[in-house]
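Input: a single structure, listed below in structure tokens.
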Amino acid sequence: MTPAWAKVLIPIVLIAIGAVLVWAFSLAALEGGDRLALIALERVPESGVSNPITSVLLNFRAYDTLLEVAVLLTALLGIWSLGPAAPAFQPASPILGGMIAWVVPLLILSTGYMLWAGGHAPGGAFQAGALLGAAGVTLALGGDASAGLPGETRLRFLSVLGVLVFTAVGVILMALGYGFLTYPEGYAKWLIIFIETAATLSIGVTLAAAYLGGEPRDERTSRSAT
Amino acid sequence: MITQFLYGGSGILLFLLGTWSFIVHPPLIRKLIAINVMGAGVFHTLVALAYRGLTAPADPVPHALVLTGIVVAVSATALALAFGQRLDRDHGSSADDD
Chain A
37 MTPAWAKVLI PIVLIAIGAV LVWAFSLAAL EGGDRLALIA LERVPESGVS
87 NPITSVLLNF RAYDTLLEVA VLLTALLGIW SLGPAAPAFQ PASPILGGMI
137 AWVVPLLILS TGYMLWAGGH APGGAFQAGA LLGAAGVTLA LGGDASAGLP
187 GETRLRFLSV LGVLVFTAVG VILMALGYGF LTYPEGYAKW LIIFIETAAT
237 LSIGVTLAAA YLGGEPRDER TSRSAT
Chain B
129 MITQFLYGGS GILLFLLGTW SFIVHPPLIR KLIAINVMGA GVFHTLVALA
179 YRGLTAPADP VPHALVLTGI VVAVSATALA LAFGQRLDRD HGSSADDD
């Protein structure tokens, strides 16, 4: 247990840290330069998409996003290496099952919308992937042992698809004489949508698989087990 | 301006509460929740910093940073939960007790 002196000292130190943070926040908020914001907003029209956040994520700082997709993949590999998944939940009652049958197609439809909307409005690969993952989680909660995910081989392929396509686009652009992930003029929009589509599939599959929390079971073994 | 400080201040408050909980509570699951609360506070503050008034567009860079951060936080949490589950399975529930 925490000793008595720590019970007094910890809040005091935290309040002091808080005071410094509020001071720093007010400095940044009151006279914060918009140096980066100006540069970013100025060049949005060149980025192929009109949503500034998507142009930062997929164009100006595409490296970050590539590595981010890789972080998701790494986490999933870590989860898979810890052993098999917990047994499935009990099958849903007819009412819940009926609701799931409605909600999951709607979620998949919204995934497509969110992916497309990312170009000009709030949205994008990560939001769309989260919706796709939510569809998987909903299925898992309804008692589907595989959360609607495909068999092991295809699951493994889908989970690396985002990193694969992202890196491939970068390397091919490099081979063509542009920089790594420097999109040529006129193609930026379609390249971004191509990458985002692959990333969405990967993110959705990764989130649903992470929710199951164990390595994928081979189709044959899971069939014989059930 | 007041709105911005309200958001930024509550973000800092969330961060501090999370830090306090992380230090004080020994159970691992509570520490994990505390880290997530800390992260939520940081995201809150960053988004508040991106605010440029109602007429000007917000700074897109902190928004992109927050999106990245959320994804990393979610994957780290998922991995930590899987670790916890494995600890539980190998050592019974003793690893989780106070």
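Each protein sequence line maps, in turn, to chains A and B.
Numbered per our numbering, the first sequence spans residues 37 to 262.
Numbered per our numbering, the second sequence spans residues 129 to 226.
The beta-carbon is built from N, C-alpha and C at its ideal position, and this holds for glycine as well.
Residue-level contact to chain A via CB, residue i, 8 Å cutoff
| i | result |
| --- | --- |
| H191(B) | yes |
| G137(B) | yes |
| T131(B) | no |
| L177(B) | yes |
| D216(B) | no |
Cβ-based neighbour list, residue i, same chain, cut-off 6 Å, excluding 5 preceding and 5 following
| i | result |
| --- | --- |
| A234(A) | L197, G198 and V201 |
| A171(A) | V140, L143 and I144 |
| G159(A) | M150 and A153 |
| A164(A) | T147, M150, L151 and T236 |
8 Å Cβ cutoff, residue i in contact with chain B
| i | result |
| --- | --- |
| A261(A) | Annotation note: pLDDT 44 at A261(A) (below 50); position unreliable, coordinate value reported separately. It does not; no Cβ of chain B falls within 8 Å. |
| T38(A) | yes |
| I131(A) | no |
| I136(A) | no |
| V92(A) | yes |
| R97(A) | yes |
| V107(A) | yes |
| F162(A) | yes |
| G198(A) | no |
| E82(A) | no |
CB-CB length for residue i against residue j, believed under 8 Å
| i | j | result |
| --- | --- | --- |
| G250(A) | P88(A) | Rounded, the Cβ-Cβ distance is 39 Å, inconsistent with contact. |
| L118(A) | S195(A) | That belief does not hold up - the Cβ atoms of L118(A) and S195(A) are roughly 16 Å apart, past 8 Å. |
| L112(A) | A245(A) | 6 Å |
| A186(B) | A176(B) | Rounded, the Cβ-Cβ distance is 10 Å, inconsistent with contact. |
| G54(A) | I140(B) | 6 Å |
| G181(B) | F61(A) | G181(B) to F61(A), Cβ: 17 Å. No contact. |
| Q132(B) | A65(A) | 6 Å |
Same chain, Cβ closer than 8 Å to residue i, neighbours up to 5 away in sequence not counted
| i | result |
| --- | --- |
| F225(A) | According to the sequence displayed, residue 225(A) carries Lys and not Phe. Cβ within range, chain order: G84, V85 and G155. |
| Q126(A) | G179 |
| A183(A) | G172, V173, L175, A176, A244, A245, Y247 and L248 |
| L160(B) | T205, A208, L209 and G212 |
| A106(A) | V199 |
| L102(A) | V199, F202, T203, G206 and L217 |
Proximal residues to residue i (C-beta, below 7 Å), its chain only, five neighbours per side dropped
| i | result |
| --- | --- |
| A261(A) | Its pLDDT being 44, under 50, A261(A) is placed unreliably by the model, and nothing is read from it. |
| L174(B) | P190, L193 and V194 |
| L227(A) | V205 and Y219 |
Cross-strand partners of residue i (DSSP beta bridge)
| i | result |
| --- | --- |
| P120(A) | E251(A) |
Where residue i meets chain D, residues with beta-carbon distance less than 8 Å
| i | result |
| --- | --- |
| L174(B) | Absent from the structure is chain D; the protein chains it does hold are A and B. |
Between the stretch 140 to 166 of chain B and chain A, which residues of the former have a C-beta closer than 7 Å to a C-beta of the latter? Residues of the stretch 140 to 166 of chain B with a C-beta atom less than 7 Å from some C-beta of chain A are I140, L144, T147, W148, I151 and V152, listed in chain order.
Given a limit of 8 Å on CB to CB distance, which residues of the stretch 196 to 211 of chain B reach chain A? Per Cβ criterion, the list reads T196, I198, V199, V200, V202, S203, A204, A206, L207, L209, A210 and F211.
Note down, in chain order, all residues in the stretch 168 to 186 of chain A with a beta-carbon under 8 Å from any beta-carbon belonging to chain B. Among the residues of the stretch 168 to 186 of chain A, none has a Cβ less than 8 Å away from any Cβ of chain B.
Using Cβ-Cβ distances below 8 Å, what residues of the stretch 51 to 78 of chain A are close to chain B? Residues I51, I53, G54, L57, V58, F61, S62, A64, A65, G68, D70, L72, A73, A76 and L77.
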